[in-house]
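*Asks:* Take this structure, written in structure tokens, and hold onto it; I'll ask about it next.
There are 2 protein chains.
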Amino acid sequence: MTKLPSPYRPRALAPIRRVPELDYDVLDELLGYALRRAQVGMFLAFHAATRGMDITPPRFTALVMVGANPGIGQSVLGKVLGIARSGAMLLTDWMEERGLVERRRRPEDARSWGVHLTPRGERFVAAMKRRVVAEDRKRAAVLDARERRELLRLLNKLAR
Amino acid sequence: MTKLPSPYRPRALAPIRRVPELDYDVLDELLGYALRRAQVGMFLAFHAATRGMDITPPRFTALVMVGANPGIGQSVLGKVLGIARSGAMLLTDWMEERGLVERRRRPEDARSWGVHLTPRGERFVAAMKRRVVAEDRKRAAVLDARERRELLRLLNKLAR
DNA sequence: CGGAGACTGTTATAGAGCATTACAATCTGC
DNA sequence: GCAGATTGTAATGCTCTATAACAGTCTCCG
């Protein structure tokens with residue numbers, strides 16, 4: 001039905017392996033390093049959970065935000081994602097090419113477009129969220145409920 | 161003294177800005193998203209702390225590991241960093257071009273090289289570690305000592 | 001001991017992702 | 001009503017990393 005420009009190539013990403021014989025020096029004391037290791041693990045789980053959907057974390061975030069904030073502009077999308085406007089536009093192109101979103105003119109501002117989910121996009125986002133949320137919980141299952149809440153709290157505090 | 165192939169161009173990376181008017185939907189419930197936000201913040205601090213040194217997180221990790229494990233091979237380096245062998249080699253090239261490390265033949269295995277810090281590399285790594293550790297502490301100062309330890313523990317648990 | 005298979009570093013190639021810059025249309029405020 | 005900011009867009013380029021192929025070397029087992 002819709003043409004898919006890039007023929008889905010799964011991005012293989014290697015896990016960060018812990019090698020017991022090695023001395024990790026200050027790395028073990030740095031929050032930044034611990035964050036990166038944890039995040040790579042999470043990314044691998046994310047990737048597995050969305051297999052076949054051609055989804056990446058930025059695409060996921062963009063789609064969720066469009067779903068929750070219909071009519072959001074591309075500049076705001078860029079801010080939320082921490083990327084430049086031009087990148088947000090390419091991302092929007094990608095979503096539009098797949099028939100997941102559409103751009104609609106805004107009557108109150110002729111410069112900007114509002115981005116909206118299509119019916120197909122709604123279904124896609126719902127399925128995607130279900131998978132990702134489930135995987136996130138599964139992955140976080142090594143922590144008990146209290147630890148999970150505490151981790152979330154500390155991370156948000158750190159991110160300010 | 162040593163020629164620097166790429167003329168140090170700082171990689172501007174945008175922060176992930178929180179937009180209060182927006183609905184973040186499931187994102188606020190996902191550990192993965194919180195991890196990413198925290199990590200981007202940390203990366204920005206890291207980048208500021210190493211300004212002028214042309215350092216990135218993988219380069220930092222590689223240099224620290226070489227310093228703490230003299231004679232480490234490039235394949236192991238790749239495993240530790242979570243990148244392919246070819247990437248570890250380019251990284252080693254980069255360090256060598258700057259006179260920070262040298263490759264030495266291993267008598268016990270003629271296939272592999274051992275990577276070692278040069279005297280210059282030793283000084284560089286010491287300065288780099290000082291800066292990064294200080295910045296990491298500063299950045300983590302929003303947490304008290306107990307929270308910091310707890311965060312580190314939870315992150316390591318999550319990364320398995 | 002000799003060959004199969006695994007492992008090392010290396011090279012070349014390719015692609016994703018993103019920034020930067022420049023531009024035109026439009027909005028806002030003095 | 002004009003200067004300056006903002007929006008989407010387009011073109012270009014760079015960095016990081018993977019993939020695949022290759023030769024040299026090691027290991028291990030028949």
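Keeping their order, the protein sequence lines are chains A and B. Okay, so the first sequence: first residue is 1 according to my numbering, each after it adds one. Okay, so the second sequence: first residue is 161 according to my numbering, each after it adds one. Virtual Cβ for every residue (Gly too), placed ideally from N, Cα, C.
Between Gly82 of chain A and chain B, is the shortest Cβ-Cβ distance under 8 Å, so that the two count as touching?
*Replies:* Gly82 of chain A counts as touching chain B.
*Asks:* Could you give the residue range of the beta strand (DSSP E) that holds Ala110 of chain A?
*Replies:* Element bounds for Ala110 of chain A: Asp109 to Leu117.
*Asks:* So, for Gly78 of chain A: in the same chain, excluding its five sequence neighbours on each side, which residues have a beta-carbon less than 7 Å away from its beta-carbon?
*Replies:* Hits under 7 Å: Ala84, Arg85, Gly87 and Ala88.
*Asks:* Can you find a CB in chain B that lies within less than 8 Å of the CB of Asp23 of chain A?
*Replies:* Yes, its Cβ sits closer than 8 Å to a Cβ of chain B.
*Asks:* Compute the Euclidean distance between the alpha carbons of Ala319 of chain B and Arg196 of chain B, then round it to the nearest angstrom.
*Replies:* Going from the Cα of Ala319 of chain B to the Cα of Arg196 of chain B covers about 14 Å.
*Asks:* For Gln199 of chain B, which residues in chain A fall below 8 Å Cβ to Cβ?
*Replies:* Result: Gly32, Leu35, Arg36 and Gln39.
*Asks:* Identify the continuous alpha helix (DSSP H) that holds Val226 of chain B and give its terminal residues.
*Replies:* Per DSSP, Val226 of chain B belongs to the alpha helix (DSSP H) from Pro217 to Ala228.
*Asks:* Check the Cβ-Cβ distances between Asp296 of chain B and every residue of chain A, and say whether any is below 8 Å.
*Replies:* With 8 Å as the cut-off, Asp296 of chain B counts as an interface residue toward chain A.
*Asks:* Measuring only the C-alpha atoms, how far is Met128 of chain A from Leu182 of chain B?
*Replies:* Using only the alpha carbons, I get a separation of about 20 Å.
*Asks:* Answer with buried or exposed for Asp304 of chain B, where buried requires no fewer than 16 other C-beta atoms within 10 angstroms of its C-beta.
*Replies:* Exposed.
*Asks:* Pull up the distance between the alpha-carbon of Pro58 of chain A and that of Leu191 of chain B, whole angstroms please.
*Replies:* Pro58 of chain A and Leu191 of chain B: Cα-Cα distance of roughly 15 Å.
*Asks:* Output, in sequence order along the chain, the residues in the segment 251 to 270 of chain B whose CB is closer than 7 Å to any CB in chain A.
*Replies:* Residues: none.
*Asks:* Could you check how far apart the C-beta atoms of Leu204 of chain B and Pro175 of chain B are, in whole angstroms? I think they sit under 8 Å.
*Replies:* Confirmed, about 6 Å.
*Asks:* Of all the CB atoms in chain B, is at least one closer than 8 Å to the CB of Phe46 of chain A?
*Replies:* Yes, Phe46 of chain A lies at the interface with chain B (some Cβ there is under 8 Å from its Cβ).
*Asks:* What number of angstroms, rounded off, separates the C-alpha of Ser235 of chain B from the C-alpha of Ala198 of chain B?
*Replies:* For Ser235 of chain B and Ala198 of chain B, the distance between alpha carbons rounds to 30 Å.
*Asks:* What do you reckon, are the CB atoms on Val115 of chain A and Arg106 of chain A nearer than 8 Å?
*Replies:* No, Cβ-Cβ distance for Val115 of chain A and Arg106 of chain A is not below 8 Å.
*Asks:* Between Gly67 of chain A and chain B, is there a C-beta pair that is closer than 8 Å?
*Replies:* Gly67 of chain A counts as touching chain B.
*Asks:* Report the option in A:Pro70, A:Ala49, A:Phe46 and A:Val40 whose CA atom is closest to the CA atom of Val101 of chain A.
*Replies:* Nearest option by C-alpha distance: A:Pro70.
*Asks:* Residues of chain B with CB closer than 9 Å to the CB of Pro57 of chain A, please, in chain order.
*Replies:* Those are Gly192, Tyr193 and Arg196, listed as they occur along chain B.
*Asks:* Please decide whether Thr221 of chain B counts as near chain A, where near means a Cβ-Cβ distance under 8 Å.
*Replies:* Yes, Thr221 of chain B lies at the interface with chain A (some Cβ there is under 8 Å from its Cβ).
*Asks:* Whole angstroms are fine: how far does the CA of Ala34 of chain A sit from the CA of Arg131 of chain A?
*Replies:* Distance between the alpha carbons of Arg131 of chain A and Ala34 of chain A: 25 Å.
*Asks:* Taking 8 Å as the CB-CB cut-off, is Leu303 of chain B touching chain A?
*Replies:* Taking Cβ atoms only, chain A reaches closer than 8 Å to Leu303 of chain B, which makes this a yes.
*Asks:* Assuming Val150 of chain A is part of the alpha helix (DSSP H), what are its boundary residues?
*Replies:* Here the sequence assigns Glu to residue 150 of chain A, which means Val is not the residue at that position. First-last of the alpha helix (DSSP H) with Glu150 of chain A: Ala145 to Ala159.
*Asks:* Count the other C-beta atoms from every protein chain shown that fall within 10 angstroms of the C-beta of Val302 of chain B, then say buried if there are 16 or more, exposed otherwise.
*Replies:* With fewer than 16 other Cβ atoms within 10 Å, it is exposed.
*Asks:* Are any of the Cβ atoms in chain A nearer than 8 Å to that of Glu282 of chain B?
*Replies:* Not an interface residue.
*Asks:* In three-state DSSP terms, what is Val101 of chain A?
*Replies:* Strand, per DSSP.
*Asks:* Shorter than 8 Å from the beta carbon of Pro15 of chain A to some beta carbon of chain B?
*Replies:* Pro15 of chain A counts as touching chain B.
*Asks:* From the DSSP output, in three-state form, read off Arg266 of chain B for me.
*Replies:* Here Arg266 of chain B sits in strand by DSSP.
*Asks:* Rank B:Leu315, B:Glu310, B:Gly227 and B:Ala294 by C-alpha distance to the C-alpha of Thr278 of chain B and give the top, closest one.
*Replies:* Per the Cα distances, B:Gly227.
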